[in-house]
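What follows is a set of notes on a single structure, which appears directly below.
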Amino acid sequence: MASAVKVKTGLTKEILVVEDEGEIALVLDMVLSDKKLHPDYVNTLLAAEEYLAKHKPSLIILDNQLPDGFGVDFISYIKKKHPSIKIIMITGFATARDVAMANGADAFFEKPFPLDAFYEAVDRLLA
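Going by the numbering used here, the first residue of the sequence shown is number 6, and it counts up by one from there.
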């Protein structure tokens, strides 16, 4: 998997997807490939924490319900340790929106989400 991508600014950006459902990860890979983006993937919060110890992605696409905890709780950890990282929370539970945004998420999408709005958020947050 390629972890660095070129975006229109000419700068290299890293993206991390934290998602435990293989089907959703596959869909995200197809969606992001359309934008010529090739993120790294992990499927637990612990793996995300280990990734962040070695890499500094520009954007994290974060699921909420993961095997070892809730993404909404991980948002404040990311923002405290890595304030420049942008976060898009994706979840099947609209009720997580207020907590996600209060904890520092930069965008929130309930699954299934409209692709145009998702693309717009990715472009805006990587700009």
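All C-beta atoms in this analysis are idealised placements derived from N, C-alpha and C, irrespective of residue type, glycine included.
According to DSSP, residue pairing for G74 in a beta bridge involves L71. Comparing alpha-carbon positions, the option among E19, V23 and H87 lying closest to T96 turns out to be V23.
Between A112 and A126, the beta carbon gap of about 4 Å places them in contact (Cβ cut-off 8 Å).
A distance of 7 Å or more separates the beta carbons of I65 and L42. With a threshold of 16 other beta carbon atoms within 10 Å, M94 meets it and is buried.
C-alpha of D103 to C-alpha of V77: approximately 10 Å in a straight line.
Boundaries around E115 are those of the beta strand (DSSP E), A112 to E115, since no alpha helix (DSSP H) includes it. Check the Cα spacing between A107 and each of V36, K84 and A122: the tightest is with K84.
Taking a C-beta distance under 7 Å as the contact criterion, E115 and A99 qualify as a contact pair. Residue state for D45 is assigned as strand, using DSSP reduced to three classes. Pairing V47 with F75, the inter-Cα distance amounts to about 14 Å.
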